[in-house]
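The numbering of the sequence shown is our numbering, which starts it at -18 and goes up by one.
Each residue gets a CB set at the ideal place from its N, CA and C atoms; glycine is no exception.
Everything numeric in this text was worked out from a predicted model, so none of it was measured.
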Amino acid sequence: MIKRWRRRGFQVVSHLKRRGVRKLLTENQLAFVRNPKILKEWSHLSLFQRTQLVKEKFGIPKMDPSTLRSYYLQAKIRYRKPQISYAYKEKNLREIGDKQQQFSKELTTVMMNGTHEIVYIDETTFHLWQQPGRCWLKRDMALTIPTTRGHSITLIGALSEERGLFHYELISATNTGTTFAMFIAKLKQKCRRPTKLVMDNLSVHKSRSVMQYYDDKFQVMFLPTYSSVLNPIERVWNLIKQEWRKTQHLHALMDFDEERQRTQYSLARLREIIGKQSVL
(Lines of atoms letter the chains of each structure in order from A and count residues from 1; the text may use other names and numbers.)
(Lines give C-alpha, C1' and ligand atoms only; values in the text may rest on other atoms or scores of the structure.)
Protein backbone atom coordinates (compact mmCIF):
# COMPACT_ATOMS: atom_id res chain seq x y z
CA MET A 1 0.00 0.00 0.00
CA ILE A 2 2.79 2.44 0.92
CA LYS A 3 4.65 1.71 -2.33
CA ARG A 4 1.47 2.46 -4.32
CA TRP A 5 1.03 5.86 -2.67
CA ARG A 6 4.69 6.68 -3.22
CA ARG A 7 4.40 5.93 -6.95
CA ARG A 8 1.58 8.51 -7.09
CA GLY A 9 3.81 11.19 -5.58
CA PHE A 10 2.78 11.07 -1.97
CA GLN A 11 5.32 11.10 0.87
CA VAL A 12 5.05 9.24 4.13
CA VAL A 13 5.89 11.56 7.03
CA SER A 14 6.06 10.37 10.63
CA HIS A 15 4.91 12.79 13.30
CA LEU A 16 6.86 10.85 15.97
CA LYS A 17 10.33 12.12 16.81
CA ARG A 18 13.03 9.79 17.98
CA ARG A 19 13.87 10.61 21.54
CA GLY A 20 17.39 9.15 21.62
CA VAL A 21 19.61 9.47 24.66
CA ARG A 22 18.97 12.25 27.10
CA LYS A 23 21.98 14.53 27.32
CA LEU A 24 22.54 14.34 31.06
CA LEU A 25 26.34 14.31 30.83
CA THR A 26 28.68 16.84 29.29
CA GLU A 27 31.45 15.90 26.88
CA ASN A 28 34.07 15.87 29.65
CA GLN A 29 31.84 13.71 31.82
CA LEU A 30 31.25 11.30 28.94
CA ALA A 31 35.01 11.08 28.34
CA PHE A 32 35.46 10.15 32.00
CA VAL A 33 32.77 7.44 31.89
CA ARG A 34 34.16 5.95 28.66
CA ASN A 35 37.81 6.12 29.72
CA PRO A 36 39.45 2.66 29.41
CA LYS A 37 41.15 3.15 32.77
CA ILE A 38 37.80 3.76 34.47
CA LEU A 39 36.27 0.78 32.66
CA LYS A 40 39.00 -1.47 34.10
CA GLU A 41 38.60 -0.04 37.61
CA TRP A 42 34.82 -0.52 37.46
CA SER A 43 34.98 -3.96 35.83
CA HIS A 44 33.61 -5.66 38.96
CA LEU A 45 30.64 -3.26 39.26
CA SER A 46 27.18 -3.79 37.79
CA LEU A 47 25.46 -1.24 35.56
CA PHE A 48 23.30 -0.07 38.49
CA GLN A 49 26.33 0.44 40.74
CA ARG A 50 28.13 2.37 38.00
CA THR A 51 25.11 4.62 37.56
CA GLN A 52 25.09 5.38 41.29
CA LEU A 53 28.77 6.35 41.15
CA VAL A 54 28.19 8.65 38.19
CA LYS A 55 25.28 10.35 39.99
CA GLU A 56 27.33 10.91 43.13
CA LYS A 57 30.44 12.13 41.28
CA PHE A 58 28.71 14.65 39.00
CA GLY A 59 25.77 15.56 41.28
CA ILE A 60 23.06 14.29 38.94
CA PRO A 61 19.78 13.89 40.87
CA LYS A 62 18.17 11.36 38.56
CA MET A 63 19.69 8.95 36.05
CA ASP A 64 18.56 5.55 34.84
CA PRO A 65 21.01 2.64 34.20
CA SER A 66 19.61 2.35 30.68
CA THR A 67 20.95 5.85 29.97
CA LEU A 68 24.47 4.82 30.94
CA ARG A 69 24.06 1.71 28.82
CA SER A 70 23.14 3.88 25.82
CA TYR A 71 26.23 6.00 26.39
CA TYR A 72 28.34 2.84 26.31
CA LEU A 73 26.70 1.53 23.14
CA GLN A 74 27.25 4.85 21.35
CA ALA A 75 31.00 4.49 22.00
CA LYS A 76 30.92 0.80 20.89
CA ILE A 77 31.48 -0.43 24.43
CA ARG A 78 29.88 -3.84 24.71
CA TYR A 79 29.05 -6.12 27.63
CA ARG A 80 31.57 -8.91 27.07
CA LYS A 81 33.03 -11.79 29.02
CA PRO A 82 36.51 -10.93 30.37
CA GLN A 83 39.56 -13.16 30.27
CA ILE A 84 40.15 -14.56 33.75
CA SER A 85 43.76 -15.07 34.84
CA TYR A 86 44.88 -16.87 37.99
CA ALA A 87 47.79 -15.62 40.06
CA TYR A 88 49.65 -18.93 40.24
CA LYS A 89 49.35 -19.43 36.48
CA GLU A 90 50.68 -15.94 35.80
CA LYS A 91 53.64 -16.66 38.08
CA ASN A 92 54.39 -19.94 36.30
CA LEU A 93 54.15 -18.28 32.89
CA ARG A 94 56.62 -15.59 33.96
CA GLU A 95 59.05 -18.19 35.26
CA ILE A 96 58.75 -20.22 32.05
CA GLY A 97 59.27 -17.07 29.98
CA ASP A 98 62.43 -16.21 31.92
CA LYS A 99 63.80 -19.73 31.44
CA GLN A 100 63.03 -19.61 27.72
CA GLN A 101 64.88 -16.33 27.35
CA GLN A 102 67.89 -17.70 29.22
CA PHE A 103 67.90 -20.85 27.06
CA SER A 104 67.63 -18.78 23.86
CA LYS A 105 70.63 -16.69 24.91
CA GLU A 106 72.73 -19.80 25.58
CA LEU A 107 71.72 -21.37 22.27
CA THR A 108 72.44 -18.14 20.40
CA THR A 109 75.93 -18.04 21.95
CA VAL A 110 76.61 -21.56 20.67
CA MET A 111 75.38 -20.57 17.20
CA MET A 112 77.58 -17.48 17.10
CA ASN A 113 80.68 -19.41 18.13
CA GLY A 114 80.17 -21.89 15.27
CA THR A 115 82.16 -24.62 16.99
CA HIS A 116 79.23 -27.05 17.38
CA GLU A 117 76.57 -28.38 15.08
CA ILE A 118 73.13 -27.93 16.65
CA VAL A 119 70.83 -30.94 16.22
CA TYR A 120 67.18 -30.79 17.29
CA ILE A 121 65.62 -34.08 18.40
CA ASP A 122 62.00 -34.94 19.02
CA GLU A 123 59.43 -37.71 18.53
CA THR A 124 55.84 -37.76 17.36
CA THR A 125 53.10 -40.39 17.12
CA PHE A 126 50.84 -41.40 14.22
CA HIS A 127 47.68 -43.17 15.36
CA LEU A 128 46.24 -45.86 13.10
CA TRP A 129 42.98 -45.83 15.09
CA GLN A 130 40.23 -43.24 15.19
CA GLN A 131 37.51 -42.76 17.78
CA PRO A 132 34.93 -40.34 16.34
CA GLY A 133 32.46 -38.53 18.55
CA ARG A 134 29.61 -39.02 16.03
CA CYS A 135 28.91 -41.43 13.18
CA TRP A 136 26.45 -41.69 10.28
CA LEU A 137 23.90 -44.32 11.33
CA LYS A 138 20.34 -45.26 10.51
CA ARG A 139 17.64 -44.75 13.10
CA ASP A 140 17.47 -48.43 14.12
CA MET A 141 21.25 -49.01 14.04
CA ALA A 142 23.48 -49.39 17.08
CA LEU A 143 27.26 -49.07 17.02
CA THR A 144 29.68 -49.90 19.82
CA ILE A 145 33.21 -48.49 19.60
CA PRO A 146 35.88 -50.01 21.89
CA THR A 147 37.70 -47.62 24.15
CA THR A 148 41.03 -49.46 23.85
CA ARG A 149 43.62 -47.83 21.68
CA GLY A 150 44.76 -49.41 18.46
CA HIS A 151 48.18 -49.58 16.90
CA SER A 152 50.35 -46.49 16.51
CA ILE A 153 53.66 -45.56 14.86
CA THR A 154 56.37 -43.48 16.54
CA LEU A 155 58.68 -41.28 14.49
CA ILE A 156 61.96 -40.13 16.08
CA GLY A 157 63.95 -37.58 14.11
CA ALA A 158 67.07 -35.41 14.21
CA LEU A 159 67.04 -32.05 12.44
CA SER A 160 70.03 -29.86 11.64
CA GLU A 161 70.19 -26.47 9.95
CA GLU A 162 73.00 -27.70 7.74
CA ARG A 163 71.68 -31.17 6.83
CA GLY A 164 67.93 -30.96 7.41
CA LEU A 165 66.18 -34.12 8.65
CA PHE A 166 69.26 -36.30 8.21
CA HIS A 167 68.39 -39.12 10.62
CA TYR A 168 65.09 -40.70 11.66
CA GLU A 169 63.65 -43.96 12.95
CA LEU A 170 60.14 -45.39 12.47
CA ILE A 171 58.96 -47.92 15.04
CA SER A 172 55.55 -49.57 15.38
CA ALA A 173 55.51 -49.08 19.16
CA THR A 174 56.00 -46.42 21.79
CA ASN A 175 59.36 -44.83 22.43
CA THR A 176 61.29 -46.47 25.27
CA GLY A 177 64.73 -45.99 26.82
CA THR A 178 66.16 -48.89 24.82
CA THR A 179 64.70 -47.64 21.53
CA PHE A 180 65.91 -44.10 22.09
CA ALA A 181 69.36 -45.31 23.12
CA MET A 182 69.68 -47.15 19.81
CA PHE A 183 68.60 -44.01 18.00
CA ILE A 184 71.22 -41.90 19.80
CA ALA A 185 73.93 -44.47 19.11
CA LYS A 186 73.26 -44.36 15.36
CA LEU A 187 72.98 -40.57 15.44
CA LYS A 188 76.36 -40.24 17.14
CA GLN A 189 78.02 -42.17 14.30
CA LYS A 190 76.66 -39.63 11.80
CA CYS A 191 77.95 -36.61 13.75
CA ARG A 192 81.60 -36.11 12.78
CA ARG A 193 82.09 -32.71 14.44
CA PRO A 194 81.26 -31.49 17.99
CA THR A 195 77.49 -31.56 18.41
CA LYS A 196 74.92 -29.96 20.71
CA LEU A 197 71.66 -31.91 20.99
CA VAL A 198 68.50 -29.96 21.79
CA MET A 199 65.55 -31.95 23.15
CA ASP A 200 62.76 -31.76 25.72
CA ASN A 201 62.75 -33.19 29.25
CA LEU A 202 61.04 -36.47 28.46
CA SER A 203 62.07 -39.16 30.95
CA VAL A 204 63.20 -41.41 28.09
CA HIS A 205 65.77 -38.78 27.07
CA LYS A 206 67.38 -38.95 30.52
CA SER A 207 67.51 -42.71 31.02
CA ARG A 208 70.79 -44.37 32.01
CA SER A 209 71.08 -46.21 28.72
CA VAL A 210 70.96 -42.87 26.87
CA MET A 211 73.15 -40.73 29.17
CA GLN A 212 76.16 -42.98 28.58
CA TYR A 213 76.48 -41.73 24.97
CA TYR A 214 76.95 -38.06 25.95
CA ASP A 215 80.49 -36.71 26.23
CA ASP A 216 82.48 -33.52 25.60
CA LYS A 217 81.98 -33.70 21.82
CA PHE A 218 78.43 -34.98 21.98
CA GLN A 219 76.57 -32.76 24.48
CA VAL A 220 72.91 -32.22 25.22
CA MET A 221 70.83 -29.11 26.05
CA PHE A 222 67.42 -29.77 27.56
CA LEU A 223 64.62 -27.36 26.73
CA PRO A 224 62.72 -25.65 29.55
CA THR A 225 59.30 -27.09 30.38
CA TYR A 226 56.45 -26.17 28.01
CA SER A 227 58.92 -24.85 25.43
CA SER A 228 58.28 -27.02 22.39
CA VAL A 229 57.95 -23.81 20.36
CA LEU A 230 61.74 -23.44 20.62
CA ASN A 231 62.24 -26.75 18.78
CA PRO A 232 61.96 -26.18 14.99
CA ILE A 233 61.48 -29.91 14.31
CA GLU A 234 57.88 -29.47 15.53
CA ARG A 235 57.14 -27.61 12.27
CA VAL A 236 58.51 -30.54 10.29
CA TRP A 237 56.15 -32.88 12.14
CA ASN A 238 53.23 -30.61 11.24
CA LEU A 239 54.13 -30.77 7.54
CA ILE A 240 54.46 -34.55 7.61
CA LYS A 241 51.16 -35.00 9.43
CA GLN A 242 49.39 -32.76 6.92
CA GLU A 243 50.50 -35.09 4.13
CA TRP A 244 49.63 -38.10 6.28
CA ARG A 245 46.03 -36.98 6.84
CA LYS A 246 45.44 -36.55 3.10
CA THR A 247 45.59 -40.32 2.51
CA GLN A 248 44.71 -41.67 5.94
CA HIS A 249 41.13 -42.38 4.83
CA LEU A 250 42.41 -44.88 2.22
CA HIS A 251 42.80 -47.46 4.99
CA ALA A 252 39.03 -47.94 4.94
CA LEU A 253 39.13 -48.90 1.24
CA MET A 254 41.82 -51.56 1.62
CA ASP A 255 41.26 -55.12 2.71
CA PHE A 256 43.88 -56.02 5.32
CA ASP A 257 43.90 -59.58 6.60
CA GLU A 258 45.83 -58.64 9.72
CA GLU A 259 46.59 -55.49 11.66
CA ARG A 260 50.25 -56.09 10.91
CA GLN A 261 49.59 -55.51 7.20
CA ARG A 262 47.92 -52.20 7.98
CA THR A 263 50.95 -51.17 10.04
CA GLN A 264 53.37 -52.16 7.26
CA TYR A 265 51.38 -50.14 4.74
CA SER A 266 51.42 -47.12 7.06
CA LEU A 267 55.17 -47.42 7.61
CA ALA A 268 55.78 -47.50 3.85
CA ARG A 269 53.50 -44.48 3.39
CA LEU A 270 55.36 -42.50 6.05
CA ARG A 271 58.75 -43.34 4.52
CA GLU A 272 57.43 -42.06 1.19
CA ILE A 273 56.25 -38.80 2.75
CA ILE A 274 59.52 -38.22 4.65
CA GLY A 275 61.52 -38.90 1.49
CA LYS A 276 59.78 -36.12 -0.44
CA GLN A 277 62.00 -33.09 -0.71
CA SER A 278 58.94 -30.87 -1.17
CA VAL A 279 57.71 -31.82 2.30
CA LEU A 280 60.97 -31.37 4.14
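Cβ-based neighbour list, residue i, same chain, cut-off 7 Å, excluding 5 preceding and 5 following
i	result
SER209	ASP181, GLU215
ARG31	TRP23, LEU49
LEU11	TYR52
SER190	GLY158, THR159, ALA162
LYS171	PHE147, HIS148
Cβ-Cβ separation, residue j to residue i (assumed contact under 8 Å), whole Å
i	j	result
PHE84	PRO205	6 Å
ARG35	LEU26	Checking the sequence shown, residue 35 turns out to be Val, not Arg. Actually they are not in contact, since the Cβ atoms of VAL35 and LEU26 sit about 11 Å apart, beyond 8 Å.
ILE102	ALA139	5 Å
VAL179	MET202	5 Å
PRO28	PRO46	In the sequence as presented, Pro is not what sits at residue 28; that position holds Leu. About 5 Å separates the two Cβ atoms, so the contact holds.
LEU211	PHE107	Not really, about 23 Å apart at Cβ, beyond 8 Å.
Straight-line Cα distance separating residue j from residue i
i	j	result
SER247	THR135	11 Å
GLU71	SER153	40 Å
LEU6	PRO63	27 Å
PRO17	LYS80	33 Å
ASP196	GLU224	37 Å
THR105	LYS169	21 Å
PHE164	THR125	39 Å
ARG97	LYS198	In the sequence as presented, Arg is not what sits at residue 97; that position holds His. Using only the alpha carbons, I get a separation of about 8 Å.
ARG(-13)	PHE39	49 Å
GLN55	ARG15	10 Å
TRP117	ARG241	28 Å
GLU150	LYS167	10 Å
GLU293	GLY78	Because the chain in this structure spans residues -18 to 261, residue 293 falls outside the shown range and cannot be described.
LYS222	GLY256	14 Å
GLU8	ILE58	17 Å
Own chain, CB closer than 8 Å to residue i, minus 5 neighbours either side, in chain order
i	result
GLU142	ILE99
For residue i: DSSP bridge partner residues
i	result
MET44	Its beta-bridge partners do not exist; DSSP assigns none.
TYR207	Partner(s): none; TYR207 has no beta bridge.
ASP196	PHE199
Where residue i sits in the DSSP three-state scheme
i	result
ASP79	helix
GLY114	coil
THR106	strand
LEU5	coil
LEU136	strand
GLU253	helix
LYS119	coil
HIS148	strand
LYS177	strand
GLU143	coil
Beta-carbon proximity list for residue i, same chain, < 6 Å, skipping 5 on both sides
i	result
VAL185	ASN156, GLY158, PHE161
THR244	HIS132, SER153
GLN200	LYS177
Cβ of residue i within 8 Å of any chain B Cβ
i	result
LEU248	Among the chains of the structure shown, chain B does not appear; only one protein chain is present.
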